[in-house]
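*Asks:*
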Amino acid sequence: MKVIPRLPLGIIGRIFAILLLALLVEYGATTFLYERASRYSIRDDEANRLAEHLVIARKLLEEQPAEHRSGLAGELTTSRYLVRWKDHLPPTPRVAPRLDRMHKQIIAWEPDLARRDLRIRLTSPGRNAYISGTLRLDDGTWLYFQTLEPLHQIDFAVGRVLLALTPAIALIVIGGLLVRQVLRPLRRLAEVADQVGHGEEVERVPEAGPGEVRRVIVAFNEMQDRIHRLIQDRTEALAAVGHDFRTPLSRLRLRADAVRDDGLREAIEQDVAEMEDMVSSLLAYLGGDGDSEPAVSTDLAVMCSTIVSDAADQGRPATYAGPDHCELTLRPLGIKRAIVNLLENALHYGGNARVSLVDRGHEVAVRVDDDGPGIPEEARQRVLQPFVRLDRARSRDTSGFGLGLPIVVRAVDAEGGAFSLTNRPEGGLTAEIVLPRR
Numbered sequence: 002m003k004v005i006p007r008l009p010l011g012i013i014g015r016i017f018a019i020l021l022l023a024l025l026v027e028y029g030a031t032t033f034l035y036e037r038a039s040r041y042s043i044r045d046d047e048a049n050r051l052a053e054h055l056v057i058a059r060k061l062l063e064e065q066p067a068e069h070r071s072g073l074a075g076e077l078t079t080s081r082y083l084v085r086w087k088d089h090l091p092p093t094p095r096v097a098p099r100l101d102r103m104h105k106q107i108i109a110w111e112p113d114l115a116r117r118d119l120r121i122r123l124t125s126p127g128r129n130a131y132i133s134g135t136l137r138l139d140d141g142t143w144l145y146f147q148t149l150e151p152l153h154q155i156d157f158a159v160g161r162v163l164l165a166l167t168p169a170i171a172l173i174v175i176g177g178l179l180v181r182q183v184l185r186p187l188r189r190l191a192e193v194a195d196q197v198g199h200g201e202e203v204e205r206v207p208e209a210g211p212g213e214v215r216r217v218i219v220a221f222n223e224m225q226d227r228i229h230r231l232i233q234d235r236t237e238a239l240a241a242v243g244h245d246f247r248t249p250l251s252r253l254r255l256r257a258d259a260v261r262d263d264g265l266r267e268a269i270e271q272d273v274a275e276m277e278d279m280v281s282s283l284l285a286y287l288g289g290d291g292d293s294e295p296a297v298s299t300d301l302a303v304m305c306s307t308i309v310s311d312a313a314d315q316g317r318p319a320t321y322a323g324p325d326h327c328e329l330t331l332r333p334l335g336i337k338r339a340i341v342n343l344l345e346n347a348l349h350y351g352g353n354a355r356v357s358l359v360d361r362g363h364e365v366a367v368r369v370d371d372d373g374p375g376i377p378e379e380a381r382q383r384v385l386q387p388f389v390r391l392d393r394a395r396s397r398d399t400s401g402f403g404l405g406l407p408i409v410v411r412a413v414d415a416e417g418g419a420f421s422l423t424n425r426p427e428g429g430l431t432a433e434i435v436l437p438r439r
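Residue numbers for the sequence shown follow my numbering, so the first one is 2 and each next one is one higher.
1. On a CA-only basis, which of Leu114, Arg247 and Leu422 is nearest Leu55? Give me that one, please.
2. What does the alpha-carbon distance come out to for the pair Leu301 and Asn353?
3. With Glu328 as the anchor, note down where its beta strand (DSSP E) starts and where it stops.
4. If we ignore side chains and look at the alpha-carbon of each, how far apart do Val183 and Thr330 end up?
5. Whole alpha helix (DSSP H) runs in the segment 171-232 with 4 or more residues, listed along the chain?
6. Where does the unbroken beta strand (DSSP E) through Ala115 begin, and where does it stop?
7. Secondary structure at Pro249, three-state DSSP: helix, strand or coil?
8. Would you tell me roughly how many angstroms separate the C-alpha atoms of Arg70 and Tyr131, rounded to the nearest one?
9. Whole-angstrom Cβ separation of Ile434 and Val367, contact assumed at under 8 angstroms?
10. What separation, rounded to the nearest whole angstrom, lies between the Cα atoms of Lys105 and Glu47?
11. Could you have a look at Ile376 and say whether DSSP puts it in helix, strand or coil?
12. Which residue marks the beginning of the alpha helix (DSSP H) containing Glu68, and which one marks its end?
13. How many Å lie between Glu416 and Asp263 at the Cα?
14. Note the first and the last residue of the continuous beta strand (DSSP E) segment covering Asp300.
15. 8 angstroms is my cut-off, CB to CB: does Arg85 come that close to chain D?
16. Thinking Asn424 and Gly375 are a contact (beta carbons under 8 angstroms), I'd like their distance in whole angstroms, please.
17. Less than 8 angstroms between the beta carbons of Arg338 and Ile408, yes or no?
18. Evaluate the contact criterion for the segment 73-83 versus the segment 139-152: three or more CB pairs, one atom per stretch, below 8 angstroms.
19. Since Val413 is in the alpha helix (DSSP H), which residue starts that stretch and which ends it?
20. With a threshold of 16 other CB atoms inside 10 Å of the CB of Phe17, please say whether the residue is buried or exposed.
21. Would you check if the distance between the CB atom of Val356 and the CB atom of Cys305 is smaller than 8 angstroms?
22. Would you tell me roughly how many angstroms separate the C-alpha atoms of Asp272 and His326, rounded to the nearest one?
23. If you follow the beta strand (DSSP E) that Ala354 is part of, which residue opens it and which one closes it?
24. DSSP on Arg122, reduced to helix/strand/coil?
25. Are the beta-carbon atoms of Glu270 and Arg254 separated by less than 8 angstroms?
26. By a C-beta neighbour count over all protein chains shown, 10 Å radius and 16 as the cutoff for buried, is Gly141 buried or exposed?
27. So, with DSSP's three-state summary, where would you put Ala238?
28. What's the gap between the Cα of Leu178 and the Cα of Leu190?
29. Do Ala312 and Ala319 have their CB atoms nearer than 8 angstroms?
30. What is the DSSP secondary structure of Leu255, counted as helix, strand or coil?
31. Taking 7 angstroms as the limit between beta carbons, can you name the residues of its chain near Met520, skipping five residues before and five after?
32. When burial is assigned at 16 or more other CB atoms within 10 Å of the CB, is Pro186 buried or exposed?
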């Protein structure tokens, strides 16, 4: 059961409400703190001495004409009190708490000052606090006074800074917490949106927050449902297409066996194998978003050595260097497909392949080196895009759609890793996969 009802306020309305609350807190805190400051008192003998000085100074000034009062006020200034005559009320400092308790002490010693509009405040011209005030004379002019010795009971310079900072700090904290509460649904929306496209099961974002934010969340959830339906429909369609393609390809392979011409039969089989490779790479790339393969603990070293051994058993120049075992949590089918693609590229374009594995503790690096021509620097990012094949590749009668490296990029991204291509100084290309431990 909610104690505070939800108000129909948007983001702008809630920010205005936060500002209004901040002003109320600032006003209340300032009032409270300065009321506390007004309770400062002085010793009784100091209050008696100040009261007597004010009575004497008032009486002497009232007896003199206006043109002589300024000089007389200077003569009344002592080592303890500064006295000045003003023909108008001096302006009150912006931050100068009234001293109600001191006022009562002085009035208690000299009740006659009560009808003279006595005003006393704390001022801070330097690091220390002083008493200052005004006293109205009979003709409406004013006697201004100030103690010349600071009050040692308090350090009002620091105290005033603290008094001013306390409400400000309270406002910052309260305002920050309230704004954080208002923006919490947006942060949750950003977290869930960041998971879209990474092969993870994305949960629906709770519809909360101001009206504008709720509308954005509703639209995002609906968009997320449409994307998932689109991916699912595409994956199912690709699976059906792949099955339909493989059936006639299998029939062609069987019919090729009946061809008596060895050269023609071999050409047909090569074309069928190329078409199968093209279909497999296309399904692997376009079906990646729908791949729900879970991440499991896998011995990456064994996987790499097995891939290299299979190639070496076929008489292809491939070697492996690295530890015998290296456990890592990953999606084994996706990473295996990525390493196989890199190995095939190295063997096809470089003539050989050297696979190495380095365990760096917090991450594991798999490198595939070859002695081929490498990739021009200006084309290094372009070959990572789907359906891109360099002219050099076409001239060498390569198969596939140009999806080998994009499949590697997608598999590595799914693991939160990094993939890079670098030309070796001595010639050849280095393809490196870096996978984090998790």
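We put the beta carbon where it would ideally sit given N, CA and C, even for glycine.
On a predicted model such as this, the values are computed, not experimentally measured, just so you know.
*Replies:* In short:
1. In the sequence shown, the residue the question calls residue 55 occupies position 54. Measuring from the Cα of Leu55, the nearest candidate turns out to be Leu114.
2. Within the sequence shown, residue 301 is the residue found at index 300, counting from 1. Within the sequence shown, residue 353 is the residue found at index 352, counting from 1. In this structure, the straight-line span from the alpha carbon of Leu301 to that of Asn353 is close to 21 angstroms.
3. In the sequence shown, residue 328 corresponds to position 327, counting from 1. Glu328 to Leu331 is the extent of the beta strand (DSSP E) around Glu328.
4. Sequence index remark: in the sequence shown, residue 183 carries index 182 (1-based). Sequence index remark: in the sequence shown, residue 330 carries index 329 (1-based). If I take the Cα positions, the gap works out to 38 angstroms.
5. The alpha helix (DSSP H) runs lying completely inside the segment 171-232 and spanning 4 residues or more number zero.
6. The residue labelled residue 115 in the question sits at position 114 within the sequence shown. Element bounds for Ala115: n/a, residue is neither H nor E.
7. Residue mapping note: residue 249 aligns to position 248 of the sequence shown, counting from 1. Note: Pro249 maps to helix in three-state DSSP.
8. Stepping through the sequence shown from its first residue, residue 70 is reached at position 69. Stepping through the sequence shown from its first residue, residue 131 is reached at position 130. Distance between the alpha carbons of Arg70 and Tyr131: 24 angstroms.
9. Locating residue 434 in the sequence shown gives position 433, where the first residue counts as 1. Locating residue 367 in the sequence shown gives position 366, where the first residue counts as 1. At roughly 4 angstroms, the Cβ-Cβ gap stays under 8 angstroms, so Ile434 and Val367 are in contact.
10. Taking the first residue of the sequence shown as 1, we reach residue 105 at position 104. Taking the first residue of the sequence shown as 1, we reach residue 47 at position 46. Roughly 13 angstroms between the two C-alpha positions.
11. Counting from 1 along the sequence shown, the entry for residue 376 is found at position 375. For Ile376, the three-state secondary structure derived from DSSP is coil.
12. Residue 68 sits at position 67 when you count from the first residue of the sequence shown. Looking at the DSSP string, the run of the alpha helix (DSSP H) that includes Glu68 is Ala67 to Leu77.
13. Within the sequence shown, the letter at position 415 stands for residue 416. Within the sequence shown, the letter at position 262 stands for residue 263. One C-alpha to the other measures close to 46 angstroms.
14. The sequence position of residue 300 within the sequence shown is 299, counting from 1. Here the beta strand (DSSP E) through Asp300 covers Val297 to Asp300.
15. Among the chains of the structure shown, chain D does not appear; only one protein chain is present.
16. For the purposes of this step, residue 424 is taken as the residue at position 423 of the sequence shown. For the purposes of this step, residue 375 is taken as the residue at position 374 of the sequence shown. Contact check for Asn424 and Gly375: beta-carbon distance about 4 angstroms, within the 8 angstroms limit, so the pair qualifies.
17. Here the question's residue 338 lines up with position 337 in the sequence shown. Here the question's residue 408 lines up with position 407 in the sequence shown. Using a Cβ distance threshold of 8 angstroms, Arg338 and Ile408 count as a contacting pair.
18. Under the Cβ criterion (8 angstroms, minimum of three pairs), the segment 73-83 counts as touching the segment 139-152.
19. As a position in the sequence shown, residue 413 is number 412, starting the count at 1. Unbroken alpha helix (DSSP H) run through Val413: Gly405 to Ala415.
20. Working through the sequence shown from its first residue, we reach residue 17 at position 16. Classification of Phe17: exposed, given that the 10 Å Cβ count is below 16.
21. As a first step, residue 356 must be located in the sequence shown, where it is residue number 355. As a first step, residue 305 must be located in the sequence shown, where it is residue number 304. Val356 places its beta carbon less than 8 angstroms from that of Cys305.
22. Counting from one through the sequence shown, the residue named residue 272 turns up at place 271. Counting from one through the sequence shown, the residue named residue 326 turns up at place 325. So the alpha carbons of these two residues sit roughly 39 angstroms apart.
23. Mapped onto the sequence shown, residue 354 falls at position 353. First-last of the beta strand (DSSP E) with Ala354: Ala354 to Asp360.
24. Stepping through the sequence shown from its first residue, residue 122 is reached at position 121. Judged by DSSP in its simplified three-state form, Arg122 adopts strand.
25. Indexing the sequence shown from 1 puts residue 270 at position 269. Indexing the sequence shown from 1 puts residue 254 at position 253. Their beta carbons are under 8 angstroms apart, which means Glu270 touches Arg254 by this criterion.
26. As a working mapping, residue 141 is identified with position 140 in the sequence shown. Result: exposed.
27. Residue numbering aside, residue 238 sits at position 237 when the sequence shown is read from its first letter. Judged by DSSP in its simplified three-state form, Ala238 adopts helix.
28. Locating residue 178 in the sequence shown gives position 177, counting from the first residue. Locating residue 190 in the sequence shown gives position 189, counting from the first residue. Between Leu178 and Leu190, the C-alpha separation is close to 19 angstroms.
29. Within the sequence shown, residue 312 is the residue found at index 311, counting from 1. Within the sequence shown, residue 319 is the residue found at index 318, counting from 1. It is a contact, given that the beta carbons lie within the stated cut-off.
30. Reading the sequence shown from its first residue, position 254 is the one you call residue 255. Annotated three-state conformation of Leu255 is helix, per DSSP.
31. Residue 520 is absent from the model: the chain starts at 2 and stops at 439.
32. On the sequence shown, position 185 is the one that residue 186 refers to. Buried.
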